[in-house]
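Working notes, beginning with the structure itself.
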Ligand code: PEP
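Residue numbers (our numbering): 244 to 492.
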């Protein structure tokens, strides 16, 4: 049975003090919904966050990792380094990494393989751009992104995969996919996985929606049968908004 998940991607926001303050408020107000709750602070704040949340049910996850184990990659961080500070889950393929840091399907496939080889859980992000949707190519783009990064994996690896469908045109823009658009794409994703790996794997993978989820639209999006939660950017930086979105699950 797949899990419900609400994850906050804090991107390059919140310094040390601000991170500690937001974590303290979230821990104190965390509702017991049965859903997994995760937050992804910046790299420098990960060790402190892991310590601060030691006795909390909120999981601290990382926003990115390099595929190499170690070596001459200035400014990069490896999966084993993340594990050494107590991180079990890493986001890979966020659209900002693809757009601003040149992360191609090929690079992302290497990252996914490296993370899984270390036993990390992967939250894999993907989604079409506005032009793709306008030209009716959105299904083909999503299928290509999934196939290139994930469809060489063994069936067993899928227990460590969480998917986050994030249409690029909805990220940070205030423009949300309608609940029907989200459901339509999530059902397509599940069917695409079924066609390659079978129904049992497809039914058990959590597929999150991301893109301008707010307290006002979360319930309707989360009510769709193939939407298993959300990856939240801007609204996860405001404790009351993030708590309201967690409650919506
Ligand atoms: C994101 O960056 O993953 C995201 C969904 O951002 P926002 O909620 O701000 O659109």
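Even glycine gets a Cβ: it sits at the ideal position worked out from N, Cα and C.
Item checked: residue 428 - DSSP class collapsed to helix/strand/coil -> If you number the chain shown from 1, residue 428 lands on position 185. Residue state, collapsed to three classes: helix.
Checklist line | Beta-carbon spacing of residue 272, residue 482 below 8 Å | finding: Within the chain shown, numbered from 1, the residue matching residue 272 stands at position 29. Within the chain shown, numbered from 1, the residue matching residue 482 stands at position 239. Yes, Cβ-Cβ distance for residue 272 and residue 482 is below 8 Å.
Margin query: Using C-beta distances below 7 Å, list every residue in its chain close to residue 355, excluding the 5 sequence neighbours before and after it, in chain order.
Written below: Sequence index remark: in the chain shown, residue 355 carries index 112 (1-based). 335, 365, 367, 392, 393, listed in sequence order.
Checklist line | Stretch-stretch touch, CB-based, cutoff 8 Å, three pairs: the segment 257-268 with the segment 462-470 | finding: Taking 8 Å as the limit for Cβ pairs, the verdict is that the segment 462-470 does not touch the segment 257-268.
Notebook entry, point to check: Where do the ends of the beta strand (DSSP E) carrying residue 250 lie?
Noted result: Your numbering for residue 250 matches position 7 in the chain shown. Here the beta strand (DSSP E) through residue 250 covers 248-252.
Margin query: Using a Cβ distance threshold of 8 Å, determine whether the segment 373-383 contacts the segment 334-348, with at least three qualifying pairs required.
Written below: Flag = no, the segment 373-383 and the segment 334-348 do not touch.
Check: Looking at the structure shown, is residue 481 part of a helix, part of a strand, or coil, going by DSSP?
Finding: Position 238 of the chain shown, counted from the start, is the residue given in the question as residue 481. Residue 481 falls in the coil class under three-state DSSP.
Next item on the list: Can you tell me which of 359, 295, 378 puts its alpha carbon nearest to the alpha carbon of residue 493?
Entry: Absent from the structure is residue 493, since the part of the chain shown begins at 244 and ends at 492.
Item checked: Any non-hydrogen atom of ligand 1 closer than 7 Å to residue 252 Cβ -> As a first step, residue 252 is located in the chain shown; it is residue number 9 there, counting from the start. Distances taken from the Cβ of residue 252 to the heavy atoms of ligand 1 include one shorter than 7 Å.
Next item on the list: State yes or no: is the C-beta of residue 432 within less than 8 Å of the C-beta of residue 408?
Entry: Against the chain shown, residue 432 aligns to sequence position 189. Against the chain shown, residue 408 aligns to sequence position 165. Taking 8 Å as the Cβ cut-off, residue 432 and residue 408 qualify as a contacting pair.
Note to self: Per the DSSP calculation, residue 332 is bridged to which residue(s)?
What the structure shows: Along the chain shown, one-based indexing puts residue 332 at 89. Paired residues: 364.
Check: Given that a residue counts as buried once 16 or more other Cβ atoms are within 10 Å of its Cβ, and exposed if not, what is residue 257?
Finding: Counted from its first residue, the chain shown places residue 257 at position 14. With 16 or more Cβ atoms within 10 Å of its Cβ, residue 257 is classed as buried.
Check: By Cβ distance below 6 Å, which residues in the same chain neighbour residue 247 in space, the five residues on each side in sequence not counted?
Finding: Taking the chain shown and counting its residues from 1, the one referred to as residue 247 is at position 4. Counting only Cβ-Cβ distances below 6 Å, and skipping sequence neighbours, we find 278, 471, 472, 492.
Notebook entry, point to check: Since residue 324 is in the alpha helix (DSSP H), which residue starts that stretch and which ends it?
Noted result: Here residue 324 refers to the residue found at position 81 of the chain shown. In the DSSP assignment, residue 324 falls within the alpha helix (DSSP H) that extends over 322-327.
Notebook entry, point to check: Name the DSSP bridge partner or partners of residue 441?
Noted result: Counting from 1 along the chain shown, the entry for residue 441 is found at position 198. None, per the DSSP bridge assignment.
Next item on the list: Measure the Cβ-Cβ separation of residue 474 and residue 252 and say whether it is below 8 Å.
Entry: Walking along the chain shown from the start, residue 474 turns up at place 231. Walking along the chain shown from the start, residue 252 turns up at place 9. Yes.
Notebook entry, point to check: Would you say residue 448 and residue 245 are within 8 Å of each other, going by their C-beta atoms?
Noted result: By 1-based counting over the chain shown, the position of residue 448 is 205. By 1-based counting over the chain shown, the position of residue 245 is 2. Yes, the Cβ-Cβ distance between residue 448 and residue 245 is below 8 Å.
Margin query: Considering Cα atoms alone, identify which of 312, 411, 413 is closest to residue 353.
Written below: By one-based count along the chain shown, residue 353 stands at place 110. From the listed residues 312, 411, 413, the smallest Cα separation to residue 353 is found for 312.
Next item on the list: Check each candidate in 455, 380, 445 and name the one with the smallest Cα separation from residue 416.
Entry: As a first step, residue 416 must be located in the chain shown, where it is residue number 173. Each of 455, 380, 445 was checked against the Cα of residue 416, and the nearest Cα belongs to 455.
Check: What are the uninterrupted segments assigned as alpha helix (DSSP H) that are 4 or more residues long and contained completely in the segment 256-334, given in chain order?
Finding: Every alpha helix (DSSP H) of 4 residues or more that sits fully in the segment 256-334 is shown, in chain order, as 259-272, 289-295, 322-327.
Notebook entry, point to check: Rounded to a whole number of angstroms, what is the C-alpha to C-alpha distance between residue 280 and residue 458?
Noted result: By 1-based counting over the chain shown, the position of residue 280 is 37. By 1-based counting over the chain shown, the position of residue 458 is 215. Computed Cα separation, rounded: 16 Å.
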